[in-house]
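Below: one structure, written as C-alpha cells.
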Amino acid sequence: MPTLDEAVTTVLTPVFAAGSEIGADLALEEVSVTTAGRRQVVRVVVDRAGDEPGDLDLDAVAAASTAVSEALDESGVLGEAPYTLEVSSPGVDRPLTTPRHWSRARGRLVRAVLTDGTALLVRVVSVDEAGVHGTLEPQMVKGKPPRAKDVGAPRDLAWADLVRGEVQVEFRRPGEDVEDLVADPGADDELDELDELDELDDGDEDEQ
Numbered sequence: 001m002p003t004l005d006e007a008v009t010t011v012l013t014p015v016f017a018a019g020s021e022i023g024a025d026l027a028l029e030e031v032s033v034t035t036a037g038r039r040q041v042v043r044v045v046v047d048r049a050g051d052e053p054g055d056l057d058l059d060a061v062a063a064a065s066t067a068v069s070e071a072l073d074e075s076g077v078l079g080e081a082p083y084t085l086e087v088s089s090p091g092v093d094r095p096l097t098t099p100r101h102w103s104r105a106r107g108r109l110v111r112a113v114l115t116d117g118t119a120l121l122v123r124v125v126s127v128d129e130a131g132v133h134g135t136l137e138p139q140m141v142k143g144k145p146p147r148a149k150d151v152g153a154p155r156d157l158a159w160a161d162l163v164r165g166e167v168q169v170e171f172r173r174p175g176e177d178v179e180d181l182v183a184d185p186g187a188d189d190e191l192d193e194l195d196e197l198d199e200l201d202d203g204d205e206d207e208q
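The UniProt record's numbering applies: residue 1 is where the sequence shown begins, and numbers increase by one.
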C-alpha cells in the first residue's frame, strides 16, 4: 500500500508532466505530508523545468500552487480533513544528486562529495553523460592554502564517483577573486547575484 507521500505524488505528477501548462515551466522535485494538530501540511518543492541555469518564475510558482490545490481537492487523496499547502523552491542548500541538478548548477561553486569519502571544491563548467566537468577552486586543506598549480585546474568527475554536490553560497565584492575570500572570510561581502534562488523559500507559500 503506498504511503500518503507517494499517493499525493501520484496525483500531482500529471500536473507537472511534460507538455502540460505547468510542466513547461516547472518540475516536481519533492512531496511530503505531515500532520500539525488537526490539519495536514502538504509541502511541495518545485524547480525550474529543464536543465538550464536560472531563477524560478514567481508567476509560474503561483500558477503551480493553484493547480496543485485543485488537483488535491479533485482527487480526494487527503480525505475530508483540512490541509495547508506550501509550494516552494528547493533552496540553495538542496543537495545535487541527479544530472539535472548538476546541470542547473553550471557556473556555481560546488563541494563535490565522492564515493571514496573525499570532497573537492569545483566550479561546474559543463555536464554530460560521462559526468561533471569543472575547475578546481581554492580551498584550505589542514589550514594550508591551495597550491597555485591546482587552482583552476580542469577536473572531471564521473557519475559513478559522485555521491552528491553541495552548492556553496559565495560572498564577494566586485572585482574580488575567490583566493581573497579564503584569506579574509570575515570581510564585508555582498551576496553573489546567482544566490537569489534561495530567497524564494520565504515567499512561495500558499495556504488553503
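Virtual Cβ for every residue (Gly too), placed ideally from N, Cα, C.
query: Would residue 86 and residue 46 qualify as a contact pair, given that the criterion is a beta-carbon distance under 8 Å?; result: no
query: Determine the DSSP secondary structure at residue 174, reduced to helix, strand or coil.; result: A caution first: residue 174 carries a pLDDT of 41, below 50, which makes its placement in the model unreliable, though a value can still be read off. Residue 174: coil per DSSP, three-state reduction.
query: Taking the alpha carbon of residue 99 as the reference point, which residue from 7, 128, 57, 88 has its own alpha carbon closest?; result: 128
query: Considering residue 32, what are the terminal residues of the beta strand (DSSP E) in which it resides?; result: 26 to 36
query: Rounded to the nearest angstrom, what separates residue 68 and residue 44 at their Cα positions?; result: 9 Å
query: Could you spell out where the alpha helix (DSSP H) holding residue 5 opens and where it closes?; result: 4 to 12
query: Looking at chain B, is there any beta carbon in it that lies within less than 8 Å of the beta carbon of residue 129?; result: Judged by its chain identifiers, the structure shown contains no chain B, having just a single protein chain.
query: For residue 49, collect the residues of the same chain with a Cβ closer than 6 Å to its Cβ; drop the 5 residues on either side in sequence, then sort them by chain order.; result: 25, 26, 27
query: For a minimum of 4 consecutive residues, which ranges assigned as the alpha helix (DSSP H) are wholly contained in the segment 74 to 126?; result: 99 to 104
query: Taking just the CA atoms, how far does residue 105 sit from residue 13?; result: 24 Å
query: Going by beta-carbon coordinates alone, are residue 122 and residue 134 separated by less than 8 Å?; result: yes
query: Rounding to the nearest angstrom, what Cα-Cα distance links residue 35 and residue 21 in this structure?; result: 30 Å
query: With a CB to CB cut of under 6 Å and the five nearest residues on each side skipped, what residues in its chain are close to residue 3?; result: none
query: Which residue wins for smallest C-alpha separation from residue 30, given the options 89, 110, 53, 17?; result: 89
query: With 16 as the cutoff for other CB atoms within 10 Å, does residue 157 come out buried or exposed?; result: buried
query: Excluding the 5 residues preceding and the 5 following residue 113 in the sequence, name in chain order all residues of the same chain whose CB lies nearer than 6 Å to its CB.; result: 119, 163, 164
query: Just mark residue 64 as buried or exposed, buried being the case when its beta carbon has 16 or more other beta carbons within 10 Å.; result: buried
query: Rounded to a whole number of angstroms, what is the C-alpha to C-alpha distance between residue 91 and residue 1?; result: 31 Å
query: State the beta-bridge partners of residue 53 as determined by DSSP.; result: None, per the DSSP bridge assignment.
query: Kindly identify the DSSP beta-bridge partner or partners of residue 128.; result: BP columns for residue 128 are empty, so no partner.
query: Looking only at C-alpha atoms, which of 116, 125, 115, 82 sits nearest to residue 103?; result: 125
query: Below 7 Å CB to CB, which residues in the same chain sit around residue 71 once its five sequence neighbours on both sides are set aside?; result: 11, 12, 15
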